[in-house]
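This note's numbering puts the first residue of the sequence shown at 2, with every later residue one more than the last.
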Amino acid sequence: MNPVVDGILSVFLDIFRQPAIIVALISLIGLAVQRKTFSDVLKGTVRTLVGFLVLAAGAGVVVGSLGFFGDMFQHAFDVQGVVPNNEAIVGQVLLEYGSAAALIFFFGMIVNIALAALTRFKFIYLSGHVAFYIAAMIAVILGVAGFDTWAVVLWGSLAQGVYMTLSPALIQPFMRKVTGNDDVALGHTGGVGIALSGLVATVTRGKGTSKSTEEIKFPNGLGFLRDTTVIVALSMAVIYVIVGLFAGAAYIEGELSDGQNFIVFLLMQAATFSAGVFIILAGVRVVLAEIIPAFKGISDRLVKNAKPALDVPIVFPFAPNAVLIGFLSSFVGGIVGLVAMVFMGGAIIVPGVVAHFMTGAASGVIGNAAGGRRGAILGAFANGIAITFLPLLLLPVLGEIGFANSTFSDADYGIVGLFLGWLSVGGGQIAVIAGILVSIVAMFVATVALRGRDRRRAAGEGASDAESAGASADAAEASASK
Numbered sequence: 002m003n004p005v006v007d008g009i010l011s012v013f014l015d016i017f018r019q020p021a022i023i024v025a026l027i028s029l030i031g032l033a034v035q036r037k038t039f040s041d042v043l044k045g046t047v048r049t050l051v052g053f054l055v056l057a058a059g060a061g062v063v064v065g066s067l068g069f070f071g072d073m074f075q076h077a078f079d080v081q082g083v084v085p086n087n088e089a090i091v092g093q094v095l096l097e098y099g100s101a102a103a104l105i106f107f108f109g110m111i112v113n114i115a116l117a118a119l120t121r122f123k124f125i126y127l128s129g130h131v132a133f134y135i136a137a138m139i140a141v142i143l144g145v146a147g148f149d150t151w152a153v154v155l156w157g158s159l160a161q162g163v164y165m166t167l168s169p170a171l172i173q174p175f176m177r178k179v180t181g182n183d184d185v186a187l188g189h190t191g192g193v194g195i196a197l198s199g200l201v202a203t204v205t206r207g208k209g210t211s212k213s214t215e216e217i218k219f220p221n222g223l224g225f226l227r228d229t230t231v232i233v234a235l236s237m238a239v240i241y242v243i244v245g246l247f248a249g250a251a252y253i254e255g256e257l258s259d260g261q262n263f264i265v266f267l268l269m270q271a272a273t274f275s276a277g278v279f280i281i282l283a284g285v286r287v288v289l290a291e292i293i294p295a296f297k298g299i300s301d302r303l304v305k306n307a308k309p310a311l312d313v314p315i316v317f318p319f320a321p322n323a324v325l326i327g328f329l330s331s332f333v334g335g336i337v338g339l340v341a342m343v344f345m346g347g348a349i350i351v352p353g354v355v356a357h358f359m360t361g362a363a364s365g366v367i368g369n370a371a372g373g374r375r376g377a378i379l380g381a382f383a384n385g386i387a388i389t390f391l392p393l394l395l396l397p398v399l400g401e402i403g404f405a406n407s408t409f410s411d412a413d414y415g416i417v418g419l420f421l422g423w424l425s426v427g428g429g430q431i432a433v434i435a436g437i438l439v440s441i442v443a444m445f446v447a448t449v450a451l452r453g454r455d456r457r458r459a460a461g462e463g464a465s466d467a468e469s470a471g472a473s474a475d476a477a478e479a480s481a482s483k
């Protein structure tokens, strides 16, 4: 590749791999097309950028704390197997498929915008980091299928664009229950598992109404537990100490805490986890306050009625208790899946703590909105089962990458990967191309059908209004004649 072109591509990749920059640019464009003053544009852009960096910093704190927990868990229970970790597997993928993944990611964003403009699915996927990860997986699967590099980029970009447009649409019916409006969507590679949580919650809620996780009442003497920061810290302290006792003081002090007393270390990690959640919630509030008004400019001028699809922490403030309940329920699902795999024989998927926190917490919030406390528990548990078995099924279609000691963690990797991989195994490259094209055609067919349904509804409502008006006029005339 030409060094200049390579340099430009590298700069663009560095920009678009940073979700904070993507969201800030969207805010800038949205405010600019609304012809806001320079001061308002600058303030909104910078606040969006900083808010997202605050959110990311909180996520980093949580991930760091969970890293120690994952190490303890594996040591305590002597679990060896494939660890679902997106960062680890993508690092291996980029060694061979880095250029193709970058191009798929970039052109996939363009396809996403085009499909949002032309179809009924008005979602712009703004979670750049996980979008890049799924682009890397698509590059691997198409490469294993034998496509030339140019074909990997072409068909991979179309597949990526379809995914980025449809994934938020799948969750949106449940997001409306969470937020109470249709202003923002959820864009994350755990989308299928999170939507599954909403579906399970809906099916299992029964005839009665299960109370919300946020209505949990504590005795007056335990009033401090109404504080989300406190209850998260105390709950995680109990969990850390229990697992730490199984792992043993010698292991923790020798391998993790750098000699610090293991109980002190565990309590500090629990408090650190709670601090990370607190930071995430603060960042989300800033981002929502800035990005939704700014995105109105995108919606009005570029893609009519477009909705921003943002990362999973965007739902955390709506049901903080459900965040913790969802994480724990999803993790239990992962442990149940692990035990089942031990009895089944073959590869074992070790529960990925970060994946269970991010997608499990979101599943808890979605499940709570759809089915209350029961929905939060059962829905997140279903997500935990899904992100345990889907990575197992995905391993064979990843070629040599699938034999590494790590794999992709979230549900969408399994669904998209299996869709493309099984098409390749069953019908070769022609089947893969046909599957991608059929998906695009189906989106346009669905768009035509939904628009026709809306026109019929509008016509029916108009006729009903006319009949009501006529009846009122007849009544008025009869009254006047009397």
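Every residue, glycine too, gets a C-beta built ideally from N, C-alpha and C.
Have a look at residue i and residue j and give me their C-alpha separation to the nearest angstrom.
i	j	result
Val94	Asp259	32 Å
Met176	Ile240	30 Å
Ile125	Val449	20 Å
Lys510	Thr166	Because the chain here runs from 2 to 483, residue 510 falls outside it and cannot be looked at.
Leu396	Thr38	52 Å
Ala77	Phe390	23 Å
Val145	Leu394	16 Å
Glu215	Gln261	37 Å
Ile9	Phe69	38 Å
Val398	Gly418	7 Å
Gly422	Asn182	37 Å
Gln19	Pro174	28 Å
Ala202	Gly255	43 Å
Ile437	Gln161	10 Å
Asp72	Ala362	21 Å
Thr408	Val204	31 Å
Ala137	Ile217	42 Å
Leu268	Val91	32 Å
Gly245	Phe274	15 Å
Phe344	Gly334	16 Å
Ala251	Thr49	45 Å
Phe317	Ile281	8 Å
Gly427	Ala248	45 Å
Ala460	Ile292	35 Å
Ala290	Pro169	20 Å
Who are residue i's beta bridge partners in DSSP?
i	result
Ala103	Ala103 is not bridged to any residue.
Ile16	Answer by DSSP bridge pairing: none, since Ile16 is not bridged.
Leu187	Leu311
Ile90	Paired residues: none, contrary to the question.
Thr203	According to DSSP, which records beta bridges pairwise, Thr203 is partnered with nothing at all.
Val83	Ile350
Thr408	Pro85
Tyr126	Ala310
Could you check where the alpha helix (DSSP H) with residue i kicks off and where it finishes?
i	result
Ala370	354-395
Asp72	39-77
Ile333	A small fix is needed here, since residue 333 is Val in this sequence, not Ile. Element bounds for Val333: 321-345.
Ser158	150-180
Leu143	129-145
Can you list, in chain order, the residues of its chain whose CB lies under 7 Å from that of residue i, leaving out five sequence neighbours each side?
i	result
Asp41	Leu32
Val355	Val64, Leu67
Ser198	Ser364, Ile367, Gly368, Gly380, Ala381, Ala383, Asn384
Ala276	Val62
Lys123	Ala117, Val304, Asn306, Ala307, Lys308
Arg375	Thr205, Arg206, Ser211
Residue i and residue j look like a contact to me (Cβ under 8 Å); what is the Cβ gap, rounded to whole Å?
i	j	result
Val131	Ile416	Wrong, their Cβ atoms sit about 14 Å apart, outside the cutoff.
Val179	Ala370	4 Å
Tyr164	Ile135	6 Å
Asn113	Ser410	Contact doesn't hold; Cβ gap of about 22 Å is too wide.
Val278	Val242	That belief does not hold up - the Cβ atoms of Val278 and Val242 are roughly 19 Å apart, past 8 Å.
Ala307	Leu127	In fact, because the Cβ distance is near 11 Å, the residues do not count as touching under 8 Å.
Val324	Gly52	So it is not a contact: roughly 19 Å between Cβ atoms.
Gln430	Phe13	Gln430 to Phe13, Cβ: 28 Å. No contact.
Ile350	Gly338	7 Å
Arg36	Leu451	Not really, about 33 Å apart at Cβ, beyond 8 Å.
Within a Cβ cutoff of 6 Å, which residues of the same chain sit near residue i, ignoring the five residues on either side of it in sequence?
i	result
Phe266	Ser258
Thr1	Summary: the structure shown does not reach residue 1, with the chain confined to residues 2 through 483, and so no result is reported for it.
Phe404	At Phe404, the pLDDT of 49 sits below 50, so the modelled position is not reliable; the number obtained from the coordinates is stated separately. Once the five neighbours on either side are set aside, Phe404 has no close Cβ partner at all.
Phe108	Ser158
Note the first and the last residue of the continuous beta strand (DSSP E) segment covering residue i.
i	result
Phe122	First-last for Phe122: undefined, no H or E at that position.
Among the residues of its own chain, which have a CB less than 8 Å from the CB of residue i, if the five just before and after it don't count?
i	result
Ala140	Val94, Tyr98, Ala101, Ala102, Ile105, Val153, Gly157
Thr360	His189, Gly191, Gly194, Ile195, Val313, Ser331, Asn384, Ile388, Asp411, Ala412
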